[in-house]
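Inspection log for the structure reproduced underneath, given as structure tokens.
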Amino acid sequence: MKPETAIVEIFNKYKVYTEHYVNNAADKTIILVNGSLATTASFAQSVRYLQPRFNVVLYDQPYAGQSRPHNRYRQPIRKEDEAEILLELVEHFRADHVLSFSWGGAATLLALAQRPRRIEKAVISSFAARISKPMRDYLESGLGLLEACDRCNVGHLVNSTIGKHLPSLFKRFNYRHISSLAEHEFRQMHFHINEVLTQDTKCYVDCVDAIEVPLLFVNGEWDEYTSAQDARLFAGHVRQCQFSTIKNTGHFLDMEHKTAWQDTQQALLGFLQPATSLVKPKCTPTLGNRHRYAASERIFTHSAARSHVLR
26 MKPETAIVEI FNKYKVYTEH YVNNAADKTI ILVNGSLATT ASFAQSVRYL
76 QPRFNVVLYD QPYAGQSRPH NRYRQPIRKE DEAEILLELV EHFRADHVLS
126 FSWGGAATLL ALAQRPRRIE KAVISSFAAR ISKPMRDYLE SGLGLLEACD
176 RCNVGHLVNS TIGKHLPSLF KRFNYRHISS LAEHEFRQMH FHINEVLTQD
226 TKCYVDCVDA IEVPLLFVNG EWDEYTSAQD ARLFAGHVRQ CQFSTIKNTG
276 HFLDMEHKTA WQDTQQALLG FLQPATSLVK PKCTPTLGNR HRYAASERIF
326 THSAARSHVL R
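In terms of the numbering used here, the sequence shown opens at residue 26 and continues consecutively.
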């Protein structure tokens, strides 16, 4: 099934490309938050098992993917800004659940710490409470390459580290995608990595202290970059949390092989939609007056309920 696509305008500042996989039989909506250098395409495997059970929303950050042509790149976007964008999209699509991947977990935890009233559960995949030595080495190696816009070696770095367990086909996709990135995307990633390396990751641990909804942390058994052990450091700070380790799998989880796809599916659906629950038909509510819709251009303008961006 093809998604409904639209550009959602947020804070009269960002235009965000979205994909909405509508399931008229589902009574819940899940929004997916991707990681650094990624676009909506990176969630293709996840959509396969989520769409039959949920309405699914994907989006590209303003600087990336199909959002990129609609925005002017003036300065890097901070994780706090990405968190506010996520919160507005949660309201726009009336999302009930959130699923984040890799560094998308940073913005997701910041957003959840504000206790959005709609969100019932969240899955944080391939994210950890500290920067491990392999992750630090990976990030530090990437800084110079990103600053130089060395597309070739950034692609090789990703595929030889966090992507080393991917099938060769996906490694080629990774390399081709990274080779197509604009210079401002490299500047954005350079800015983000600098933030990660210079700031204390304790801020993410502090975030989960404020989160009230149940969380599921999912990590790959072979992932030394965001390890299952490091994810479990969140345990003492979250009111309701579960942990799942996907066997024989690295950082990219359900993208790595068929069994990993099946095990990731089982972990996520077992948490979000227990076997005893039934998918009930539900009419999709019409958008409220907070959204102005221009049918000719498929553009929504979202007037912020929150009048500020975190500083």
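Each residue gets a CB set at the ideal place from its N, CA and C atoms; glycine is no exception.
Apart from the five residues on each side of it in sequence, which residues of its chain come closer than 6 Å, Cβ to Cβ, to residue i?
{"i": "P310", "result": "Bear in mind that a pLDDT of 38 at P310, under 50, signals an unreliable position, so the number given afterwards is only what the model happens to contain. Correct list: empty, nothing qualifies."}
{"i": "V230", "result": "A154 and H262"}
{"i": "S125", "result": "V58, T133 and I149"}
{"i": "I324", "result": "Note that I324 scores a pLDDT of 43, beneath 50, so its modelled location is shaky; the value from the coordinates is reported in the next line. Within the same chain, I324 has close Cβ partners I32."}
{"i": "T289", "result": "I271, L278 and D279"}
{"i": "N49", "result": "none"}
Go through its chain and collect everything with a Cβ distance to residue i's Cβ below 8 Å, but skip five positions before and after it.
{"i": "L182", "result": "Y163, S166, G167 and L170"}
{"i": "N184", "result": "L191, K196, N199 and Y200"}
Do the CB positions of residue i and residue j come within less than 8 Å of each other?
{"i": "A51", "j": "T43", "result": "no"}
{"i": "V82", "j": "L75", "result": "no"}
{"i": "L112", "j": "P77", "result": "no"}
{"i": "G275", "j": "D248", "result": "yes"}
{"i": "K40", "j": "N96", "result": "yes"}
{"i": "A285", "j": "A138", "result": "no"}
{"i": "F79", "j": "I55", "result": "yes"}
{"i": "F259", "j": "V233", "result": "yes"}
{"i": "G180", "j": "S205", "result": "no"}
{"i": "P94", "j": "R212", "result": "no"}
{"i": "E220", "j": "K104", "result": "yes"}
{"i": "R143", "j": "V115", "result": "yes"}
{"i": "S127", "j": "F152", "result": "yes"}
{"i": "A63", "j": "A108", "result": "no"}
{"i": "K53", "j": "H122", "result": "yes"}
Near residue i, what residues of its chain come up, given a Cβ to Cβ distance below 7 Å and the 5 sequence neighbours on each side ignored?
{"i": "E210", "result": "Y88 and A89"}
{"i": "G313", "result": "With a pLDDT of 37 at G313, under the threshold of 50, the modelled position of this residue cannot be trusted; read the value that follows with caution. So no residue of the chain qualifies."}
{"i": "R257", "result": "F268"}
{"i": "C308", "result": "Reliability of the predicted coordinates at C308 is poor, the pLDDT of 40 falling under 50, and the value obtained from them is presented with this limitation in mind. For C308, where only same-chain residues beyond five positions count, there are no Cβ hits under 7 Å."}
{"i": "T270", "result": "N244, E246 and A253"}
{"i": "S92", "result": "K40, V41, Y42, D85 and Q86"}
{"i": "V72", "result": "Y46 and V81"}
{"i": "E29", "result": "H45 and V47"}
Judging by CA-CA distance, which residue of the options is the nearest neighbour of residue i?
{"i": "Y84", "options": "F118, E145, K272 and R103", "result": "F118"}
{"i": "K189", "options": "Q298, Y250 and V72", "result": "Y250"}
{"i": "F195", "options": "M280, R176, A173 and V47", "result": "M280"}
{"i": "S61", "options": "R257, Q265, V243 and N199", "result": "N199"}
{"i": "K272", "options": "Q287, D106, S205 and K53", "result": "Q287"}
{"i": "E208", "options": "R99, H45, Q265 and T54", "result": "R99"}
{"i": "P159", "options": "V179, T186 and N178", "result": "T186"}
{"i": "C266", "options": "H282, L278, T289 and L297", "result": "L297"}
{"i": "L278", "options": "I218, P101 and F242", "result": "F242"}
{"i": "M214", "options": "L114, D121, S157 and D175", "result": "D175"}
{"i": "A120", "options": "V47, D106 and S157", "result": "V47"}
{"i": "R264", "options": "H282, P239 and K283", "result": "P239"}
{"i": "K227", "options": "C177, I156, N184 and E172", "result": "I156"}
{"i": "H202", "options": "P299, K53 and C177", "result": "C177"}
Output yes if chain B places a C-beta closer than 8 Å to the C-beta of residue i; else output no.
{"i": "H190", "result": "Absent from the structure is chain B; it holds one protein chain and no more."}
At what residue ranges does the region 236–281 contain a whole run of the beta strand (DSSP E), taking only runs of 3 or more?
-> 240–245 and 266–271
Just list the beta strand (DSSP E) runs in the region 36–82, keeping only unbroken ones of 3 residues or longer that don't cross its boundaries, in chain order.
-> 39–46 and 54–58
Between the region 276–293 and the region 142–156, are three or more C-beta pairs nearer than 8 Å?
-> yes
Would you call the region 62–72 and the region 132–142 in contact, with 3 or more CB pairs under 8 Å?
-> no
4-residue-minimum alpha helix (DSSP H) runs that sit fully inside the region 80–128, ordered along the chain | 104–118
Could you tell me which uninterrupted beta strand (DSSP E) segments, each at least 3 residues in length, are contained entirely in the region 132–191, listed from first to last along the chain?
-> Within the region 132–191, the complete beta strand (DSSP E) runs of at least 3 residues are 146–150.
Ranges of the alpha helix (DSSP H) found wholly within the region 192–218, counting only runs of at least 4 | 193–204
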